[in-house]
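Numbering-wise, our numbering puts 24 at position 30 of the sequence shown, and it's gapless, one number per residue. Notes for the one structure printed next.
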Amino acid sequence: MRELIPTGIAGLDDILLGGVLKGNVIVVEGMPGTGKSTMASEFLYRGARDSHEPGLIVCFETSAQKIARDAAGFGWDILALVRENKLKILELQPSVLIDELQSEAGVLSQEIARIGAKRVVIDGLTPLRILSSRDNGQFLRETLHRLWLRFASLNVTAMLTTEVSCNHPIGEAGAHEEQFLADTLITLRKEARRRSVHRSIEIAKSRGQDFFSGRHAFAIQPEVGVRVFPRVYARPKHYETQPSSTERISSGNGSLDRMLGGGLLKGSVTLVGGISGTGKTILGMQFLTEGAKQGDRSLLVSLDEHPEQILRNADELELEFSSLHAQGQILLHYDSPLEVELDEHFYSIKSFVEKHDIKRVVIDSVAAYESTLPDESREFCVTLASYLKGRQITTIFNFECPELLGISQINDRMKSSAVADNIVLLNYIEISTMIRRAITIPKSRASKPDQRTREYIIQPGGIMILDDKSVEGVERVPQLPLSSYYGVLARAPTRHSPVIDEHVAAGKPLPKSRMPSSSLKSKKDSSKKSKKGR
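Set out below in structure tokens:
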């Protein structure tokens, strides 16, 4: 009968779908510094402390004192378990272990029997490989085969660590014998990403059980140990069971609600695009503030501004954001855009959502995902949106658009636009010598949005969307409303002419006095040519 035992390592049991098969021989491979010994020590420690499975560790190149010292850095009291006979550290020479495999009465078997060990760790197969590397590796394979048989006879689950010289997958040139003999093979990698380091873990194989394949991020954390973050895409899909709602909630801006056809549908995703300074974060703060005032806990995930700066800006705009944050109704989570790791980042958002029963989320901004992993940013946004929709969380994705005036390539640059139910564009426009702000809603699913471009200003209280009558006197200079212009999104606003518009609408020829100067000039030129011909 199949029996899974938990490794006890945070996140590892998730990608193993519950744990590893009891009695398996697990090989953990990786380059120096990838965390092999830390993982092996934690496997032993968690088993002895949490699963009532005593353990034994065999070390060739280190001492019991160093193992205890390193474990103490994670808060693991290895020596206490040794005193309680729940754990044993056995220092052996590789030659002694090889000799012991020839008989059944060696010290390894005796110590396992004495403490009733259920888990065994051999930390570092490299010395054993060097000593056994004769007969073209045949002796090493026989040694490892005897070791596997000994583990089986003693009814233990074993973990062995081994070094590799490069990050190669199983089966490629340079693969070692233990890779093929292992029941479960775990590969740890440490790779450069720009000037930072990215750690990943992969289950290359695990006989007799299913698992999440592919590379997953992991970290080695103080007071924790190894924490695995299952890759974002290795999750149950919500597509068939994803709930939907016809309930509408306020964005925190009444004028925007009317432009959206009555507000935001609960559980929808809204993409707000615009260059820096157009008010994306302010719009997000108004949205979260409205939710918090209605009793919903909200979350702002910032990948641009530090929380202290966000709170300062909210106070300057006289929003209630800061006081609601102090009350715990609005939560802030900051990740540096330079160091963000998508799997770990998703885990953080998921933890906030599920621990605090979050109902509204703002991601500010999703452009950071593209700069981190441009090839995976769209897939990440799809997965994140799917997760949030599955929990009926209403979400705003802010997107930093690189264009100063207007947006010309929505689908190419705004890669998350396909997952958005609504798209709100915030733009700068120039009319005469004045820079003004404009808001447009080109997309709103299951709604009848007002698709006119409207002007807005940023003032105490947040964003105020203007109607045609409220523009007079804005910024101390009389201005015509945006409805007096066309071509606003094309970055070349042109004044409407009531007479021209009336004749075009009626299909009548334009009066000569109202013809554009270019048309009059062309008529004069043609007249001159005809006279010259005569």
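Cβ coordinates follow ideal geometry from the N, Cα and C atoms, glycine included.
Compute the Euclidean distance between the alpha carbons of Lys199 and Leu84, then round it to the nearest angstrom.
-> Taking the first residue of the sequence shown as position 1, residue 199 is located at position 205. Taking the first residue of the sequence shown as position 1, residue 84 is located at position 90. Rounded to the nearest angstrom, the two C-alpha atoms are 29 Å apart.
Can you list, in chain order, the residues of its chain whose CB lies under 6 Å from that of Gln537, leaving out five sequence neighbours each side?
-> The structure shown does not extend to residue 537, since the chain is modelled only from -5 to 528, so the question has no answer here.
Secondary structure, alpha helix (DSSP H): runs of 4+ residues fully inside the region 0 to 31 | 6 to 9
Going by beta carbon distance, what residues of the same chain come within less than 8 Å of Asp7, once the five residues before and after it are set aside?
-> Looking up residue 7 in the sequence shown gives position 13. Counting only Cβ-Cβ distances below 8 Å, and skipping sequence neighbours, we find Pro0, Thr1, Gly13.
How should Ala211 be labelled, buried or exposed, when 16 other C-beta atoms within 10 angstroms of its C-beta is the threshold for buried?
-> What you label residue 211 is simply residue 217 of the sequence shown in a count that begins at 1. Classification of Ala211: buried, given that the 10 Å Cβ count is 16 or more.
Pro331 versus Glu241, Leu258, Ser296, Ile61, residue with shortest Cα-Cα distance | Sequence index remark: in the sequence shown, residue 331 carries index 337 (1-based). Selected option, being the one with the closest Cα: Ser296.
Boundaries of the beta strand (DSSP E) in which Gln533 is found, first to last residue | Because the chain in this structure spans residues -5 to 528, residue 533 falls outside the shown range and cannot be described.
Pair within 8 Å by beta-carbon distance, Ile390 and Tyr479 | Here residue 390 corresponds to residue number 396 of the sequence shown, with the count starting at 1. Here residue 479 corresponds to residue number 485 of the sequence shown, with the count starting at 1. Cβ atoms of Ile390 and Tyr479: not closer than 8 Å.
What are the boundary residues of the alpha helix (DSSP H) that Ile109 is part of?
-> Working through the sequence shown from its first residue, we reach residue 109 at position 115. Unbroken alpha helix (DSSP H) run through Ile109: 101 to 109.
Indicate the three-state DSSP secondary structure (helix, strand or coil) for Leu(-2) in the structure shown.
-> Position 4 of the sequence shown, counted from the start, is the residue given in the question as residue -2. Strand.
Other residues of its chain near Glu241: CB distance less than 8 Å, five sequence neighbours each side excluded | Locating residue 241 in the sequence shown gives position 247, counting from the first residue. Leu259, Lys260, listed in sequence order.
Considering only C-alpha positions, which residue in the set Asn149, Thr275, Met253 is nearest to Lys442?
-> Here residue 442 refers to the residue found at position 448 of the sequence shown. Closest option to Lys442, Cα to Cα, is Met253.
On a CA-only basis, which of Glu36, His170, Ser147 is nearest Glu157? Give me that one, please.
-> Position 163 of the sequence shown holds residue 157. It is His170 whose Cα lies nearest to the Cα of Glu157.
Could you check which residue in Ser239, Arg291, Leu81, Leu73 has the C-alpha nearest to that of Pro48?
-> As a first step, residue 48 is located in the sequence shown; it is residue number 54 there, counting from the start. Out of Ser239, Arg291, Leu81, Leu73, Leu81 has the C-alpha closest to the C-alpha of Pro48.
Kindly indicate which three-state DSSP category Ile387 falls into: helix, strand or coil?
-> Start at 1 with the first residue of the sequence shown, and residue 387 comes out as number 393. Three-state result, Ile387: coil.
Taking all protein chains shown into account, decide if Ala99 is buried (16 or more other Cβ within 10 angstroms of its Cβ) or exposed.
-> What you label residue 99 is simply residue 105 of the sequence shown in a count that begins at 1. Ala99 should be labelled exposed.
Whose C-alpha, out of Ala176, Gly41, Leu336, Thr155, is nearest the C-alpha of Phe374?
-> Looking up residue 374 in the sequence shown gives position 380. Measuring from the Cα of Phe374, the nearest candidate turns out to be Leu336.
Which partner residues of Glu55 appear in the DSSP bridge assignment?
-> As a first step, residue 55 is located in the sequence shown; it is residue number 61 there, counting from the start. Beta-bridge pairing links Glu55 to no other residue.
So Glu364 is in the alpha helix (DSSP H); what residue range does that whole segment cover?
-> Position 370 of the sequence shown holds residue 364. Start and end: 361 to 366.
Could you name each continuous beta strand (DSSP E) segment of 3 residues or more that falls completely within the region 265 to 341, going from the start of the chain to the end?
-> 292 to 296, 324 to 328
Say whether the region 183 to 193 touches the region 141 to 154, bearing in mind that this needs 3 or more beta-carbon pairs closer than 8 Å, one atom from each stretch.
-> no
With Ser345 and Asn392 assumed to form a contact (beta carbons below 8 Å), what rounded beta-carbon distance in angstroms separates them?
-> Looking up residue 345 in the sequence shown gives position 351. Looking up residue 392 in the sequence shown gives position 398. With 8 Å as the limit, Ser345 and Asn392 do not qualify as a contact, their Cβ atoms being about 21 Å apart.
Just to confirm, are Ser207 and Ile197 a CB contact at a threshold of 8 Å?
-> For the purposes of this step, residue 207 is taken as the residue at position 213 of the sequence shown. For the purposes of this step, residue 197 is taken as the residue at position 203 of the sequence shown. Against a cut-off of 8 Å, the Cβ pair of Ile197 and Ser207 comes out as a contact.
If you follow the alpha helix (DSSP H) that Phe174 is part of, which residue opens it and which one closes it?
-> Locating residue 174 in the sequence shown gives position 180, where the first residue counts as 1. Note, Phe174: alpha helix (DSSP H), 171 to 175.
Measure how close the beta-carbons of Ile51 and Asn79 come, nearest whole angstrom, since I'm counting them as under 8 Å.
-> Position 57 of the sequence shown, counted from the first residue, corresponds to residue 51. Position 85 of the sequence shown, counted from the first residue, corresponds to residue 79. The pair is not a contact, with the Cβ atoms about 14 Å apart (cut-off 8 Å).
Looking only at its own chain, which residues have a Cβ that is under 6 Å from the Cβ of Ala414, when we skip the five neighbours before and after it?
-> Against the sequence shown, residue 414 aligns to sequence position 420. Once the five neighbours on either side are set aside, the close Cβ partners of Ala414 are Val263, Leu265.
Sequence-distant residues of its chain with Cβ nearer than 7 Å to Asn405 (five each side left out) = Within the sequence shown, residue 405 is the residue found at index 411, counting from 1. Interpretation of Asn405 is limited by its pLDDT of 47, a score under 50 that renders its predicted location unreliable; the figure taken from the coordinates is listed afterwards. The residues are Ser411.
Asp64 by DSSP, collapsed to three states: which one?
-> Taking the sequence shown and counting its residues from 1, one reaches residue 64 at position 70. The answer is helix: DSSP assigns Asp64 an H, G or I state.
DSSP three-state call for Tyr227: helix, strand or coil?
-> The sequence position of residue 227 within the sequence shown is 233, counting from 1. In this structure, Tyr227 counts as coil in the three-state DSSP scheme.
Going by beta carbon distance, what residues of the same chain come within less than 6 Å of Arg40, once the five residues before and after it are set aside?
-> Here residue 40 is taken as the residue at index 46 of the sequence shown, counted from 1. Answer for Arg40: Gly2, listed in chain order.
Val218, DSSP secondary structure in three states | Indexing the sequence shown from 1 puts residue 218 at position 224. If DSSP states are grouped into helix, strand and coil, Val218 belongs with coil.
Per-residue DSSP class, three states only, for Phe37 | Counted from its first residue, the sequence shown places residue 37 at position 43. Correct three-state label for Phe37: helix.
Taking Cβ to Cβ, would you say Ile387 is nearer than 8 Å to Val347?
-> One-based indexing of the sequence shown puts residue 387 at position 393. One-based indexing of the sequence shown puts residue 347 at position 353. Going by C-beta atoms, Ile387 is nearer than 8 Å to Val347.
Going by C-alpha distance, which of Leu277, Leu125, Gly289 is nearest Ile324?
-> Counting from 1 along the sequence shown, the entry for residue 324 is found at position 330. Of Leu277, Leu125, Gly289, the residue nearest in Cα terms is Gly289.
How would you call Ser438, buried or exposed, if buried means at least 16 neighbouring beta carbons within 10 angstroms?
-> Within the sequence shown, residue 438 is the residue found at index 444, counting from 1. The residue in question, Ser438, is buried, as its Cβ has 16 or more Cβ neighbours within 10 Å.
On the premise that Met153 lies in contact with Ile357, defined as a C-beta separation below 8 Å, what is that separation, rounded to the nearest angstrom?
-> The residue given as residue 357 occupies position 363 in the sequence shown. The residue given as residue 153 occupies position 159 in the sequence shown. So it is not a contact: roughly 39 Å between Cβ atoms.
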